[in-house]
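Working notes for the structure below.
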Amino acid sequence: MSLKACRTVDGLRAADVRFSHVKLGPDALLGTAGEAVPLIEEAVDFATALLCADAVGAMQYACDATLEYLKTRKQFGVAIGSFQALQHRMVDMVIATEEARSMAILVAAKVDDPTISTAERARVVSSAKVKIADAARLVSQESVQLHGGMGMTEELKVSHTFRRLTMAMQRFGDADHHLERYAALA
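Residue numbering for the sequence shown follows the numbering used here, beginning at 859 and increasing consecutively.
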């Protein structure tokens, strides 16, 4: 076995694991041929639901950090948060975060509900991923922009949150993938 470690764009750790000269006997088979796909799809749906909840937490941090910055950063002798245009942008961030939170709560309630079908679970997961991806894009971009030139520096956590949300919305299928999946299941 060999391991090649690397850092991802959002600063997390990943690795390529390579197995060489490994031989497995028939007793190593974990299940019947053809039965793995539904189990893998279920696991990916669970992982996607968890990722949605994590993204909402990151969006909440971006909103909180941005609001604090708007209250403390002064321009022309006043806090920039007193400018109406910036207040409207902040409100858009908060609304998007709350809508995403509602979708994360819905998907958390439905993802392991034994009374719904596999197709219904997939529809709920995909609809949540699309809505949360749109919200994550808006919130992370606005957070960076409202922090001005400092928004993408390593010193500010909002730049890390931006990268984290950008990468999270690519994991387990991006918004386009989930739109297509939802349409195919509708």
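For glycine and all other residues, C-beta sits at the position ideal for the given N, C-alpha and C.
Residue i and residue j: beta carbons closer than 7 Å?
i    : j    : result
L928 : L944 : yes
A962 : V914 : yes
A916 : L996 : no
D903 : R959 : no
A954 : A993 : yes
Could you check where the beta strand (DSSP E) with residue i kicks off and where it finishes?
i    : result
S940 : S940 -> no beta strand (DSSP E), and no H or E assigned at all.
S975 : No beta strand (DSSP E) contains S975, which DSSP labels as neither H nor E.
A863 : 860-865
Between the C-alpha atoms of residue i and residue j, what's the straight-line distance to the nearest angstrom?
i     : j     : result
E1000 : A901  : 32 Å
R871  : R1021 : 14 Å
T906  : R1029 : 8 Å
G1031 : A886  : 30 Å
I823  : H946  : Lying before the first or after the last residue shown, residue 823 is absent from the chain, which here runs from 859 to 1044.
R865  : T1011 : 18 Å
V988  : E926  : 28 Å
H1036 : A1044 : 12 Å
A1042 : G939  : 44 Å
Between the Cα of residue i and the Cα atoms of the options, which residue gives the shortest distance?
i     : options                : result
K1015 : L888, Q942, L882, C921 : C921
H1005 : A923, A993, H1035      : A923
S1017 : V988, G892, S998       : S998
Would you mind reading off the limits of the alpha helix (DSSP H) that contains residue i?
i     : result
V1049 : Since the displayed the chain opens at 859 and closes at 1044, residue 1049 lies outside it and no answer follows.
L1037 : 1033-1043
Q918  : 894-930
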